[in-house]
Amino acid sequence: MIRALLIIVMFLCLAVPLGIWWFVQLGLPQLAGLITISELTAPVVVVFDGRGVPYIEAKMDSDLYLTQGYVTACNRMFQMDMLRRLAEGELSEIYGPATVASDKLVRTIGFSRLAEAELNALSQPAKESLEAYCRGVNFYLFSHFKKLPLEFWLLGYKPKPWTAKDSLAIWKYLSYELDQSWQLDDLRERITRKIGSQDTDALFANSPALGPHKVTQAPSLSPTQGGFCNLGSKNLKLARAFLPNLGSTSWAVAGKGSASGGALLACDKHTPFSEPDYFYLLSLASPMVHVAGASVPGIPGIVLGRNDNIAWGSAALKADVQDLFQEEFSNRFPNQYKTPSGWQNATEITEVIPVRFAKDLVHKVAFTRHGPILVKQGNTAVALSWSGTLTGKSALNSLWHLNRAHRWEDFVEALKEFPGPAQVFTYADRAGNIGYQAAGIVPTRTKANVGTSIVTGWESQGDWTGTIPFNQLPNTL
4 MIRALLIIVM FLCLAVPLGI WWFVQLGLPQ LAGLITISEL TAPVVVVFDG RGVPYIEAKM
64 DSDLYLTQGY VTACNRMFQM DMLRRLAEGE LSEIYGPATV ASDKLVRTIG FSRLAEAELN
124 ALSQPAKESL EAYCRGVNFY LFSHFKKLPL EFWLLGYKPK PWTAKDSLAI WKYLSYELDQ
184 SWQLDDLRER ITRKIGSQDT DALFANSPAL GPHKVTQAPS LSPTQGGFCN LGSKNLKLAR
244 AFLPNLGSTS WAVAGKGSAS GGALLACDKH TPFSEPDYFY LLSLASPMVH VAGASVPGIP
304 GIVLGRNDNI AWGSAALKAD VQDLFQEEFS NRFPNQYKTP SGWQNATEIT EVIPVRFAKD
364 LVHKVAFTRH GPILVKQGNT AVALSWSGTL TGKSALNSLW HLNRAHRWED FVEALKEFPG
424 PAQVFTYADR AGNIGYQAAG IVPTRTKANV GTSIVTGWES QGDWTGTIPF NQLPNTL
């Protein structure tokens with residue numbers, strides 16, 4: 004009896020680790036051999052170097068981007084699915100009530116709605132590359148339906164097919180991550196109420212030219228009321244150290260300043276530490292394009308890198324492209340809010356948020372002329388204005404042309420279509436030239452709105468007056 008029990012225990016000790024090993028191996032990407040993809044028009048070669056970086060070579064652009072989608076999905080499918088769920092407010096469908104707050108905020112801002120509208124702004128070449136990329140991702144999902152990465156099995160779900168809207172929503176969300184100045188506006192508002200405008204100006208290191216700070220009575224957007232409540236002048240230096248100070252680094256050296264005589268360019272993206280990384284390195288080659296560098300999982304092409312003629316990087320411009328507006332709603336008609344020309348009806352939409360282990364949540368979003376309402380208490384609300392809601396252009400158009408740029412003029416022309424986030428793009432080319440071009444949508448304001456506090460929404464002097472023209476953004480060669 005004891006001997007039989009020992010045999011069973013030994014069998015389990017061997018079988019369980021082997022079973023787990025086999026299960027994990029099942030979802031790992033294939034790095035060698037032949038894969039048949041029916042939608043390819045010609046053979047494509049993919050070579051992985053010692054670091055696992057893929058080099059993709061195709062005879063047609065459509066095959067190139069289809070293979071990029073397939074290879075990226077093989078290596079990053081769970082990350083891609085999390086990114087699109089984060090961007091489209093669908094985390095709660097997997098994680099339950101714990102992520103409802105995130106989904107509500109995301110759906111209020113509406114990255115998915117913005118992505119849907121931006122589809123119409125895609126140029127034909129950019130649209131074709133995106134559609135091919137999506138076909139590659141979906142071929143992976145179809146062919147690996149029973150061999151998905153371990154994370155999907157542990158969470159007990161299977162990803163839905165990939166769409167062009169998913170890719171654009173991810174880009175919109177990542178743009179928003181770089182543009183979140185409204186949180187500083189809210190923070191400043193609450194600090195001012197506690198310690199006064201003079202100490203607050205010192206804390207935020209504002210120039211006197213920005214004028215006096217006006218304290219409004221808009222509802223707080225913070226989930227807590229602690230943190231900076233008891234700050235005095237002696238604590239300002241310490242508090243300043245905790246204020247957000249994020250941004251990437253990019254620099255270039257002209258040919259005359261290097262030992263080889265060639266220009267040098269480096270780019271350090273200050274993204275949060277994560278595994279896997281925000282970016283996915285690869286090389287893409289076809290008769291029409293040869294480009295290598297960092298891509299974003301879920302988005303076709305190269306975001307930062309080099310082709311045969313130029314190299315480019317980018318760093319966040321950190322322009323203030325978001326404002327908070329305090330709105331006053333009517334006592335008699337709850338859907339009407341005050342404007343300089345009288346009362347107007349707010350636009351309302353309703354969305355259903357699927358919640359695992361709980362009832363689905365009905366989420367209502369209201370919009371004023373300034374943007375979506377983030378919070379409302381009684382007749383007072385706060386709306387968000389963000390340049391990222393202007394959907395007349397698409398960043399994918401810029402990326403498509405940037406990947407194919409031959410010279411400085413092509414580089415600048417490609418960035419004219421770049422709608423955000425506002426960034427400074429660094430440049431270097433084979434001739435040894437270096438330069439930079441700021442790009443993105445940056446709002447202009449009246450003197451009554453310095454962009455650092457909550458603005459009175461029913462007074463027109465606080466409204467945006469337009470955007471800075473592209474030819475007035477900083478650049479040099």
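Going by my numbering, the letters in the sequence shown line up with residues 4 to 480, in that order. A virtual CB, placed ideally from N, CA and C, is assigned to each residue, including glycine.
Considering just the uninterrupted stretch of the beta strand (DSSP E) at residue i, what are its terminal residues?
{"i": "residue 309", "result": "307-310"}
{"i": "residue 145", "result": "Where residue 145 is concerned, there is no enclosing beta strand (DSSP E), although the alpha helix (DSSP H) it sits in stretches over 127-146."}
{"i": "residue 327", "result": "325-331"}
{"i": "residue 3", "result": "Look at the range of the chain in this structure, 4 to 480, and you will see that residue 3 is not part of it."}
{"i": "residue 2", "result": "Because the chain is modelled from 4 through 480, residue 2 falls outside the range shown and cannot be assessed."}
{"i": "residue 302", "result": "Residue 302 -> no beta strand (DSSP E), and no H or E assigned at all."}
{"i": "residue 49", "result": "48-51"}
{"i": "residue 315", "result": "313-319"}
{"i": "residue 340", "result": "339-342"}
Tell me whether residue i is buried or exposed, calling it buried when 16 or more other Cβ atoms sit within 10 Å of its Cβ.
{"i": "residue 7", "result": "exposed"}
{"i": "residue 16", "result": "exposed"}
{"i": "residue 351", "result": "exposed"}
{"i": "residue 83", "result": "buried"}
{"i": "residue 116", "result": "buried"}
{"i": "residue 320", "result": "buried"}
{"i": "residue 304", "result": "buried"}
{"i": "residue 75", "result": "buried"}
{"i": "residue 469", "result": "exposed"}
{"i": "residue 466", "result": "buried"}
{"i": "residue 423", "result": "buried"}
{"i": "residue 401", "result": "buried"}
{"i": "residue 361", "result": "exposed"}
{"i": "residue 278", "result": "exposed"}
{"i": "residue 479", "result": "exposed"}
{"i": "residue 261", "result": "exposed"}
{"i": "residue 168", "result": "buried"}
{"i": "residue 409", "result": "exposed"}
{"i": "residue 399", "result": "buried"}
Strictly by DSSP, which residues pair up with residue i?
{"i": "residue 358", "result": "Paired residue(s): none; residue 358 is not in a bridge."}
{"i": "residue 254", "result": "269"}
{"i": "residue 287", "result": "59 and 294"}
{"i": "residue 375", "result": "370"}
{"i": "residue 345", "result": "342"}
{"i": "residue 353", "result": "367"}
{"i": "residue 459", "result": "329"}
{"i": "residue 478", "result": "440"}
For the alpha helix (DSSP H) holding residue i, just list the boundary residues, first then last.
{"i": "residue 178", "result": "167-181"}
{"i": "residue 192", "result": "185-198"}
{"i": "residue 158", "result": "153-158"}
Given the structure, does residue i come close to the ligand MG, in the sense that its CB is under 7 Å from one of the ligand's heavy atoms?
{"i": "residue 95", "result": "This structure lacks the ligand MG, and indeed carries no ligand of any kind."}
Run through the segment 380-456 for me and flag every whole alpha helix (DSSP H) of 4 or more residues, listed as ranges in chain order.
398-405 and 411-418
Could I get the ranges of all uninterrupted alpha helix (DSSP H) runs contained in the segment 78-117, with 4 residues as the minimum, in chain order?
95-98 and 103-112
Taking one C-beta from the segment 279-292 and one from the segment 46-64 each time, how about it: are there three or more such pairs within less than 8 Å?
yes
Does the segment 431-450 come within contact of the segment 305-320, defined as at least 3 CB pairs closer than 8 Å?
yes
Between the segment 390-405 and the segment 118-132, do at least 3 Cβ pairs fall closer than 8 Å?
yes
Cβ pair count under 8 Å reaching 3, the segment 90-98 against the segment 323-342
no
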